[in-house]
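Counted the way full-length UniProt numbering counts, the sequence shown spans residues 1 to 182.
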Amino acid sequence: MLDEFHQDAEYRMDQAFLHTKGELIKVRTGRANPEMFNSIVLDYYGTMTPLNQLSNISVPDSRLITIQPYEKTMIPLIEKAIMNANLGFTPGNNGISVLIPIPQLSEERRLELNRFVHKLVEDGRIAVRNVRRDVLHHLHDYGKEEHISEDEIKRRENDIQKLTDHHIKKLNEIQDQKEKEI
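Laid out in structure tokens, this is it:
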């Protein structure tokens, strides 16, 4: 049973990390990144379908993304979906594909994005710490009910703290990486 506390903590901390990482991918940098469009879904014959399943998204150079839909009739819908996603891009088309130029970031916008990245990562750290607090609370309750020794409880607390430190370190690393990209 005590191992389940560790497994639960690890799973929930991994989920918090993956959520934060997913949110960071959506943050625009000065370079073209097709993953910025992963969250866009379109109505495709009555079914909400992700953009990457309806088209081929490519990066011909660092300042341009091309989206070539499998059906050319989807071009206006893709342009509208990109505009509605509020990503800060103005798509155009050449009749075959949607062209999205990636503008250079201003210094003011860079600072704003860095603050936003810091906030996202801080929210991730808070989520990891909340998992730690919750698991430790359940661990102590279980220890009292089952008369588990204080030494065993302390050892499990240390394991969970190491897990917390590991996840916070990973969050700090992806924050540093994203800030370098910006």
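Every residue gets a Cβ at the ideal spot worked out from N, C-alpha and C, and that includes glycine.
Residue 30 and residue 105 - do their beta-carbons sit closer together than 7 angstroms?
If you number the sequence shown from 1, residue 105 lands on position 105. If you number the sequence shown from 1, residue 30 lands on position 30. Yes; because the gap between Cβ atoms is below 7 angstroms, this pair is in contact.
For residue 119, the nearest candidate out of 4, 48, 55 and 21 (CA to CA)
Taking the first residue of the sequence shown as 1, we reach residue 119 at position 119. Measuring from the Cα of residue 119, the nearest candidate turns out to be 21.
Can the beta-carbon of residue 2 be found less than 7 angstroms from the beta-carbon of residue 156?
Start at 1 with the first residue of the sequence shown, and residue 2 comes out as number 2. Start at 1 with the first residue of the sequence shown, and residue 156 comes out as number 156. For residue 2 and residue 156, yes; Cβs fall inside 7 angstroms.
Can you tell me whether DSSP reads residue 177 as helix, strand or coil?
As a first step, residue 177 must be located in the sequence shown, where it is residue number 177. Reduced to three states, the DSSP call for residue 177 is helix.
Close beta carbons around residue 172, own chain, < 8 angstroms, minus the five adjacent residues each side
Numbered from 1 along the sequence shown, position 172 holds the residue referred to as residue 172. Within the same chain, residue 172 has close Cβ partners 121.
Every unbroken alpha helix (DSSP H) inside the region 79 to 159 [4 residues or more]:
107 to 146
Endpoints, alpha helix (DSSP H) assigned at residue 20
One-based indexing of the sequence shown puts residue 20 at position 20. Residue 20 -> alpha helix (DSSP H) spans 2 to 26.
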